[in-house]
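S.K.: My questions will all concern the structure given below.
Right, here's the structure in full:
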């Protein structure tokens, strides 16, 4: 079975730009970056840029920085899509990025003290120096509370009449501090449960990739059946996530019949997940080394056989609705060149002509043994983003049938072993919304030293202003919804519990964190 390939490159800060340009010229695609406070272990800071290069896999380009004055030049002129990641490194870890465009803070409130950086190791995760951010600015506001938006997100639209001439995203209003809490208090096998709560829709990919990263660091050989079970749950999750998004698009376009049918079909897949795991959404199946529950292959095959026809009928109904097609066609266009510059991922990228999918390009779990097609559209509009997801639903059902019919027998958990400290490891996977990255530096006392999560929406959101420009105000909710944004799994950083202070283990056990 093919497995993901990784390579590590370390350069001095002065050579970072040249090496990044060399990799980009060779066809590398930027994924994310990770800033780490390594002063307690290496007396320095580090900044790692993660790229994907065909035939070479994931490349981790790292530079070590002074413990007193951590700084280096920006790479935004080489890859515009690095801007958010570099701003995060500057705000949360305190690395000075020279030449980085400065407008407003990305994550922290505008009145946050300049010398406080929440992801430095000497920052106490319970400390909160400010009460709220200043959100007042010019422009037409959408959010943070709006009937068309299902999470607290905020956009400012600059308009001429009814036409949007510019847009700005003001986010990071959901502060949960998952990474900081995990680094400070949780053990290796407590983190999968909190990782699955990073996203309320596609949480299983997060727990899977976290486990993959730790398993790689520890040299744990996960049983084949466990890998196939993980892949089964991941594709089940992809189907119900895509059905949710298609239903939401129908609702925003005024076609509530399509919305109701999408959620009717989605309910069947949620019930299958509950039958397998005992839970409709947060399955609680992953542990480092394997999974906690097995699958009934025959029951799964029977369900898939009956569901395939329902999905086909639903897709045909949508394609025959000319009003829905006209409502989605030609709006929110993201061209291929802009999509590549902004480093978008998942269905957003594939709808703009970028043929990428981690399952195929860098296989993990059982995907190296499975056959499937990756749908790609060139138009880059809302309709294309919907079509990509509809075709992926069909492909996911095919994958589930392959898994249920060919899954190998055997154990579902590997033998436990100690995780060696100070090993760097990453894992990448294709979440329903796109490429997901988990970076881990192992620690001591059964805890991680650094855990960095980059969800797909983190890469897709910066491209929204390009999609909104030139469209009507009335189309804004539909365009925003078409990227299937998850704002909670994009946001990061602060944690605060009002009232009495809970023990972290107690919160995890109650499912409240």
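Numbering (the numbering used here), first residue to last: 1 to 513. For every residue, glycine included, the Cβ atom is placed at its ideal position computed from N, Cα and C. Values in this document were obtained by computation on a predicted structure and should not be read as measured data.
Measure the beta-carbon distance from residue 265 to residue 315 and round it to whole angstroms, keeping in mind my assumption that it falls under 8 Å.
M.R.: With a Cβ gap of about 10 Å, residue 265 and residue 315 do not count as contacting.
S.K.: Tell me, please, whether the segment 384-404 touches the segment 341-351 by the rule of three or more beta-carbon pairs shorter than 8 Å.
M.R.: Short answer: they touch.
S.K.: By DSSP's criteria, residue 57 is part of a beta bridge. Which residues make up the other side?
M.R.: Answer is 53.
S.K.: Quick one: what's got a C-beta closer than 6 Å to residue 427's C-beta in the same chain, skipping five residues either side?
M.R.: Closer than 6 Å at the Cβ level, and outside the excluded window around residue 427, lie 209, 212, 213 and 438.
S.K.: If the criterion is Cβ atoms closer than 9 Å, does the pair residue 107 and residue 172 meet it?
M.R.: Yes.
S.K.: Residue 168 lies in the alpha helix (DSSP H); which residues open and close that run?
M.R.: Per DSSP, residue 168 belongs to no alpha helix (DSSP H); it is in the beta strand (DSSP E), 163-170.
S.K.: Among 60, 91 and 38, which one has its Cα closest to the Cα of residue 66?
M.R.: Closest option to residue 66, Cα to Cα, is 38.
S.K.: On a CA-only basis, which of 109, 154 and 186 is nearest residue 480? Give me that one, please.
M.R.: Here the closest residue by C-alpha is 154.
S.K.: For the alpha helix (DSSP H) holding residue 208, just list the boundary residues, first then last.
M.R.: First-last of the alpha helix (DSSP H) with residue 208: 204-218.
S.K.: Could you give the uninterrupted runs of the alpha helix (DSSP H) lying entirely in the segment 221-288, keeping only those of 4 residues or more?
M.R.: With a minimum length of 4 residues, the continuous alpha helix (DSSP H) runs that stay inside the segment 221-288 are 224-252 and 256-277.
S.K.: Would a C-beta distance cut-off of 9 Å place residue 259 and residue 248 closer than the cut-off?
M.R.: Yes; because the gap between Cβ atoms is below 9 Å, this pair is in contact.
S.K.: Quick one, which of 322, 232 and 225 has its alpha-carbon nearest residue 396's?
M.R.: Residue 396 has its Cα closest to that of 232, out of 322, 232 and 225.
S.K.: Report buried or exposed for residue 16, applying the criterion of at least 16 other Cβ atoms within 10 angstroms of its Cβ.
M.R.: When all chains shown are included, residue 16 counts as buried.
S.K.: Count the other CB atoms, across all protein chains shown, that sit within 10 Å of the CB of residue 433; report buried if there are 16 or more and exposed otherwise.
M.R.: Result: buried.
S.K.: For residue 101 and residue 75, what's the separation of their Cα atoms in angstroms?
M.R.: Their Cα atoms are separated by approximately 11 Å.
S.K.: Between the Cα of residue 8 and those of 184, 486, 48 and 262, spot the shortest distance and give me the residue it belongs to.
M.R.: Of the candidates 184, 486, 48 and 262, the one whose C-alpha sits nearest the C-alpha of residue 8 is 48.
S.K.: Restricting to Cα atoms, I'd like to know which of 303, 317 and 42 is closest to residue 257.
M.R.: Taking only the C-alpha atoms, the option nearest residue 257 is 317.
S.K.: Can you check whether the CB of residue 168 is closer than 9 Å to the CB of residue 473?
M.R.: Going by C-beta atoms, residue 473 is not nearer than 9 Å to residue 168.
S.K.: On the criterion of 16 or more Cβ atoms from any shown chain inside 10 Å, does residue 446 qualify as buried, or is it exposed?
M.R.: Exposed, since its Cβ has fewer than 16 Cβ neighbours within 10 Å.
S.K.: So is residue 425 buried or exposed if we call it buried at 16+ other beta carbons inside 10 Å?
M.R.: Per the 10 Å Cβ criterion, buried.
S.K.: Less than 9 Å separating the beta-carbons of residue 404 and residue 300?
M.R.: The answer is yes: Cβ separation under 9 Å.
S.K.: Measuring straight from C-alpha to C-alpha, what distance separates residue 73 and residue 61?
M.R.: Using only the alpha carbons, I get a separation of about 14 Å.
S.K.: Counting C-beta neighbours from all protein chains within 10 Å, is the total for residue 137 16 or more, i.e. buried, or is it exposed?
M.R.: Residue confidence for residue 137 is low, a pLDDT of 44 falling below 50, so the modelled location carries little weight and cannot support an answer.
S.K.: In the DSSP assignment, what residue or residues form a beta bridge with residue 384?
M.R.: DSSP lists no partner for residue 384.
S.K.: Given this structure, state the Cα-to-Cα distance separating residue 475 from residue 378, to the nearest angstrom.
M.R.: Residue 475 and residue 378: Cα-Cα distance of roughly 21 Å.
S.K.: Output the distance between the C-alpha atoms of residue 306 and residue 441, rounded to the nearest integer angstrom.
M.R.: The alpha-carbon atoms of residue 306 and residue 441 are separated by roughly 45 Å.
S.K.: So does the segment 198-205 actually touch the segment 336-344, counting three or more Cβ pairs closer than 8 Å?
M.R.: Judged by Cβ distances under 8 Å, the segment 198-205 makes no contact with the segment 336-344, as fewer than three pairs qualify.
S.K.: Answer with buried or exposed for residue 393, where buried requires no fewer than 16 other C-beta atoms within 10 angstroms of its C-beta.
M.R.: Buried, by the Cβ-count rule.
S.K.: Sorted by chain position, which residues of the same chain lie with C-beta nearer than 7 Å to residue 18's C-beta, five sequence neighbours on each side aside?
M.R.: If we look at residue 18 and ignore the five residues flanking it on each side, it has no Cβ neighbours.
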